[in-house]
Amino acid sequence: MRHYGKVIEYNLKKLVKMKKIAFLIAVFSAFSLNAQINPTTDSTKYNDPQNMDVIYSGEAHYIDGEQEMYKILFQCIEYSDEAKEANISDDLLISFDVNFDSTLSGFEIIHSIGYGIDEQVIEKLKTMKFVPAVMNGIAVRQNIMITLPIRTYPDM
Numbered sequence: 165m166r167h168y169g170k171v172i173e174y175n176l177k178k179l180v181k182m183k184k185i186a187f188l189i190a191v192f193s194a195f196s197l198n199a200q201i202n203p204t205t206d207s208t209k210y211n212d213p214q215n216m217d218v219i220y221s222g223e224a225h226y227i228d229g230e231q232e233m234y235k236i237l238f239q240c241i242e243y244s245d246e247a248k249e250a251n252i253s254d255d256l257l258i259s260f261d262v263n264f265d266s267t268l269s270g271f272e273i274i275h276s277i278g279y280g281i282d283e284q285v286i287e288k289l290k291t292m293k294f295v296p297a298v299m300n301g302i303a304v305r306q307n308i309m310i311t312l313p314i315r316t317y318p319d320m
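165 is the number of the first residue of the sequence shown in the numbering used here; add one for each residue after it.
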């Protein structure tokens, strides 16, 4: 009978030790869960200026779709007589950021057409509504590049 008493005592000590280990695991798990990304509207929480590390679950886009965006941009351009006479056959390339709050910023003309066309397109873009990119359920900034083919001729 004494032998069973020692076995029970040993098992109780082992059980207490396992409870302590389980408690420590639970405490550390709680801290590690707290360190995960929390949804935020603070754009400073994720800093990746070139968006190189981002895997988006939703890309930034114009609210009414890409075709409608291009249609609106083409309609906004008023070609000067000088631009018409220049017989332009080139692509306008513009880069900009769609921020987490749907605002647009950081406009940069990568390839210019000139004749005031670049500025007209940027001014129109500034008035358009975009949906921000989404990463892990959080709206984030994404850089967009738009290529707009420009063709002019004197009889326009």
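Glycine included, each C-beta is placed from N, C-alpha and C at the ideal position.
N- and C-terminal bounds of the beta strand (DSSP E) containing residue i
i      : result
Ile302 : Ile302 to Val304
Asp261 : Ser253 to Val262
Residue i - containing alpha helix (DSSP H), residue span
i      : result
Ile277 : Segment: none, Ile277 is in no alpha helix (DSSP H) and carries neither H nor E.
Ala297 : No alpha helix (DSSP H) contains Ala297, which is instead part of the beta strand (DSSP E) from Ala297 to Met299.
Ile286 : Ile281 to Thr291
Glu249 : Asp245 to Glu249
Tyr234 : Glu230 to Cys240
Residue i Cβ short of 7 Å to the ligand FMN heavy atom set
i      : result
Ile241 : Among the components of this structure there are no ligands whatsoever, and the ligand FMN is therefore not found.
Contact belief for residue i with residue j at Cβ below 8 Å, rounded distance in angstroms
i      : j      : result
Ile252 : Thr316 : 4 Å
Asp254 : Ile314 : 6 Å
Lys293 : Ser266 : 7 Å
Test: residue i CB closer than 8 Å to a CB of chain B
i      : result
Ser266 : Among the chains of the structure shown, chain B does not appear; only one protein chain is present.
Buried versus exposed, by CB contacts within 10 Å (16 or more), residue i
i      : result
Asn300 : exposed
Ile201 : Its pLDDT being 43, under 50, Ile201 is placed unreliably by the model, and the measurement read from it follows with that caveat. The residue in question, Ile201, is exposed, as its Cβ has fewer than 16 Cβ neighbours within 10 Å.
Met182 : exposed
Pro296 : buried
Validate contact between the region 234 to 243 and the region 287 to 306 using beta carbons, cut 8 Å, 3 pairs: yes
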